[in-house]
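The letter at position 144 of the sequence shown is residue 144 when you use the working numbering, and the numbering goes up by one with no holes.
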Amino acid sequence: MTSHVPPGAWGQPWHQDSYYFPFEPPRPIVGLWLAVTEATLENGCLHILPGSHSEPVHEHVPDRRPNANLGYVEIVDHDMEDRQAVTMQPGNLLVFDSHLMHCSTDNVSDGIRAAMVYHCCAAGTEDLGFEQFEGFKNPMHRFDPLLRDGQSVD
């Protein structure tokens, strides 16, 4: 998936990626966030909450900001005071557990912030989203096997 954040775009509230992935088994799921452009405090870099990868998936509620993106949800039952900004240069890769709490901030710069975002899970993982979301299968969940020397990596 490509993440393209134009000038003036809102950030994404605090969340855990596992909330969006009703998978069996539920772990491991690893996020790969590859910076295509510089990620700065001004253009909406990611912020993480160190140590939160060991937390369970918290309750997520619809984004409470007025006129918020209807697809966004947020964690409201946790103290985010120890957050750390993750500024990145093009080509930098952030690898993180799907339970890690993270957000992005608004892009207040004149430029874009772009990244390639992937999630990896164990071979044989099943997407239970079809059952969980009343017959709707998330089109963003497209599984492609990882390959090494042309062979599927298990």
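The beta carbon of each residue, even a glycine, is placed where N, CA and C say it ideally should be.
- Here the stretch 21-28 does not lie against the stretch 59-78, with fewer than 3 beta-carbon pairs under 8 Å apart.
- Taking the CA atoms as reference points, aspartate 97 sits about 31 Å from aspartate 110.
- Bridge partners of alanine 123 according to DSSP: none are assigned.
- By the CB criterion at 8 Å, valine 73 and histidine 119 fall outside the cutoff.
- Shown here, glycine 31 sits in a strand according to DSSP, grouped into three states.
- The continuous beta strand (DSSP E) containing glutamine 84 extends over residues 84-86.
- The three-state secondary structure of aspartate 149, taken from DSSP, is coil.
- In this structure, glycine 31 lies away from threonine 105, with their beta-carbon atoms at least 8 Å apart.
- By the neighbour-count criterion, in which a residue is buried when 16 or more other Cβ atoms sit within 10 angstroms of its Cβ, valine 5 is buried.
- By the criterion of a C-beta distance shorter than 7 Å, alanine 85 is surrounded in its chain by Leu41, Cys45, His47, once the five residues flanking it on both sides are discounted.
- Excluding its 5 nearest sequence neighbours in each direction, methionine 101 has C-beta neighbours in its own chain below 8 Å: Trp14, His15, Gln16, Ile48, Leu49, Ser52, Glu55, His58, Ile75, His78, Met80, listed in chain order.
- The bridge partners DSSP lists for phenylalanine 23 are Asp127.
- Counting every other CB atom within 10 Å of its CB across the protein chains shown gives leucine 70 a total below 16, marking it as exposed.
- Bridge partners of alanine 115 according to DSSP: Ser3, Ala35.
- Annotation for leucine 93: Leu32, Trp33, Leu34, Ala35 place their beta carbon closer than 8 Å to its own, counting only its chain and skipping 5 residues before and after.
- Between glutamate 38 and proline 90, the C-beta gap is smaller than 8 Å, which places the two residues in contact.
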